[in-house]
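Q:
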Amino acid sequence: MLLGSKRVRYGFIAIVIVAVVVGISIGYVIPTLVTPPPKPAAPTIKVGLSWPVTGALALIGRDQVNAFDLVVDEVNAAGGIKSLGGAKIELVIGDTKGDPKIGAAEAERLITEVKVHILVGSYQSAVTATTSEVAERYGIPFLNPDSTSPALHRRGFKWFFRATPHDELLVKNMVDFVKDLEKKEGKSFKKIAIVYENTLWGIDSAKVIKDYAPTLGFEIVADIAYPAAAVDVSSEVLKLKATEHDVLMQASYLSDAILFTRTFKTLGYWPKLWIANDAGHIHPDYLKTLGKDAYFVFSREVFSADLGAKKDSIKRANDAFRSRYGYDMDGTMARSYTAASLLVDVLERAGSLKADDIRKALAATSWSEAKVPMPWKGVKFDETGQNILGLGIITQLIEGNWRTVWPFDVATASYVLPVKPPWA
């Protein structure tokens with residue numbers, strides 16, 4: 497019985513061997529004998545964020561990172577970039593500290609050490625000038641959501657793309673608004689005083705006003721530059737107080753905007769019509785710090801949450817931001833959110849992490865008015881890397897909320913022109 501069992505077993509083994517040999521000879525591979533190769537892991541997409549997350553502009557840098565985080569977290573949670581096999585996006589911050597030299601050094605670190613696939617930044621035009629130059633030198637795509645100096649897209653760069661409108665449009669909006677206001681009010685606002693911080697952004701803003709306003713019949717009666725991040729602006733405010741003017745146009749970052757407004761109150765100065773060039777005045781901490789003393793200032797803008805009542809993409813973006821962080825986006829945050837959404841779309845269309853493929857996808861961008869979460873006609877880059885479909889608006893801080901007041905046909909509220917300051 498035992499011998500018989502051995503014969504059965506040996507016979508069975510022989511049959512299996514023959515079957516395998518025959519199977520191989522006719523091209524059939526027994527499935528259980530073959531292990532499929534492991535599926536390659538999806539790559540990690542490294543995105544460098546070049547913003548000031550410490551220093552005087554840390555609050556602004558924080559909000560820009562927050563807006564980018566919101567979009568990237570949603571995309572990663574939904575399975576990543578599908579054209580790249582579900583690749584996840586990793587954000588790596590290069591803290592510029594608001595300094596052009598530090599920004600350039602951080603850009604080089606992100607490119608050479610971290611090996612980022614694209615750079616995004618850098619808020620201040622003076623810093624963007626240096627960080628984007630580094631990206632250009634290394635052949636890395638650079639997406640600029642937020643800097644508005646007209647000079648930036650005129651350097652002949654191949655790798656630079658700016659989503660926001662620049663100051664030749666936005667600052668002209670400030671002057672156009674005053675012209676329309678004259679017609680609507682039947683009053684003259686001919687004499688303009690300008691005050692601005694003395695870096696690239698402030699200087700270029702002032703230049704646009706000085707070049708454009710006289711063509712519409714305005715007179716520049718005061719031209720006051722001050723050191724960025726000043727600690728005392730009493731002399732500048734006293735110059736304003738001593739100069740007869742109808743309109744004040746101001747370009748200041750957050751700490752300067754707060755300082756000027758406090759000094760206005762201390763020295764008893766109040767302009768008849770006060771228009772800020774975005775930046776510090778529209779940041780939530782401007783109102784949070786000053787309360788009612790901040791009321792009634794106008795600002796040129798690229799975004800306002802109240803326009804969500806007229807455009808679904810604006811409402812969806814702001815609702816998502818407010819749900820996560822507890823407050824509305826301003827123009828700076830909205831431009832960061834838009835850039836993050838654009839980057840996701842670019843990566844999907846590129847289907848590659850090669851620098852030139854990403855650059856080509858950026859250049860081929862064609863977003864409709866409905867798609868872009870801004871009051872723009874869309875996003876489309878010209879040969880210089882400038883979005884040619886961006887638009888500007890004028891907002892006013894009314895009873896604690898920024899409201900769109902111009903162009904008049906898209907306004908959500910009527911403007912207020914007080915005859916006395918809010919602290920009086």
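Throughout, my numbering is defined as the position within the sequence shown, counted from one, plus 496.
Heads up, the beta-carbon is just placed ideally off N, CA and C, and yes, glycines get one too.
1. Using CA atoms only, rank isn't needed, just tell me which of Pro-637, Asp-672, Met-745 is closest to Ile-690.
2. Rounded to the nearest angstrom, what separates Val-517 and Leu-838 at their Cα positions?
3. Once DSSP output is grouped into helix, strand and coil, what is the label at Tyr-833?
4. Can you give me the C-alpha to C-alpha distance between Ile-607 and Phe-653, rounded to a whole angstrom?
5. Could you name the residues of the same chain whose beta carbon sits closer than 8 Å to that of Lys-761, not counting the 5 residues immediately before and after it, in chain order?
6. When burial is assigned at 16 or more other CB atoms within 10 Å of the CB, is Val-743 buried or exposed?
7. Roughly how many whole angstroms lie between the Cα atoms of Ile-754 and Thr-908?
8. Per DSSP, what kind of secondary structure is Trp-655 in: helix, strand or coil?
9. Under 8 Å by Cβ, that's how I've got Leu-763 and Gly-896 pegged, so tell me the actual separation to the nearest angstrom.
10. How should Pro-527 be labelled, buried or exposed, when 16 other C-beta atoms within 10 angstroms of its C-beta is the threshold for buried?
11. Please report the distance separating the alpha-carbon of Thr-660 from that of Arg-831.
12. Within 10 Å of its beta-carbon, does Gly-544 have 16 or more other beta-carbons around it, so buried, or fewer, so exposed?
13. Determine, using beta carbons only, whether Gly-599 and Ser-618 come nearer to each other than 8 Å.
14. Compute the beta-carbon to beta-carbon distance between Lys-584 and Ile-556, rounded to the nearest angstrom, for a pair I have assumed lies under 8 Å.
15. Roughly how many angstroms separate the alpha carbons of Gly-776 and Ala-537, rounded to a whole number?
16. Less than 6 Å between C-beta atoms, sequence neighbours within five positions excluded: which residues of the same chain meet that for His-649?
17. Could you spell out where the alpha helix (DSSP H) holding Tyr-692 opens and where it closes?
18. Going by the beta-carbon positions, is the gap between Val-840 and Ile-854 smaller than 8 Å?
19. Give the secondary structure of Val-525 by DSSP, where H, G and I count as helix, E and B as strand, and everything else as coil.
20. Under a three-way DSSP split, which group does Trp-919 fall into?
21. Is DSSP giving Gly-590 helix, strand or coil here?
A: This is what the structure gives:
1. Looking only at Pro-637, Asp-672, Met-745, the smallest Cα-Cα distance to Ile-690 is reached by Met-745.
2. Caution is warranted here: a pLDDT of 40 is assigned to Val-517, below 50, making its placement in the model unreliable, and the coordinate value is therefore given only provisionally. Roughly 57 Å between the two C-alpha positions.
3. helix
4. 17 Å
5. Asp-789, Pro-917, Trp-919
6. buried
7. Cα to Cα, the separation comes out at about 26 Å.
8. coil
9. Incorrect: roughly 25 Å between the Cβ atoms, too far for contact.
10. Low local confidence applies: a pLDDT of 49 at Pro-527 is under 50, so the model's placement there is unreliable, with the coordinate-based value given in what follows. Classification for Pro-527: exposed.
11. 7 Å
12. buried
13. yes
14. So it is not a contact: roughly 27 Å between Cβ atoms.
15. 44 Å
16. Cβ within range, chain order: Arg-658, Thr-880, Gly-881, Gln-882.
17. Tyr-692 -> not in any alpha helix (DSSP H); beta strand (DSSP E) instead, spanning 687-693.
18. no
19. Residue placement at Val-525 is poorly supported in this model, since its pLDDT is 46, which falls under 50; the coordinates still yield a value, given next. Three-state DSSP puts Val-525 in coil, outside helix and strand.
20. coil
21. strand
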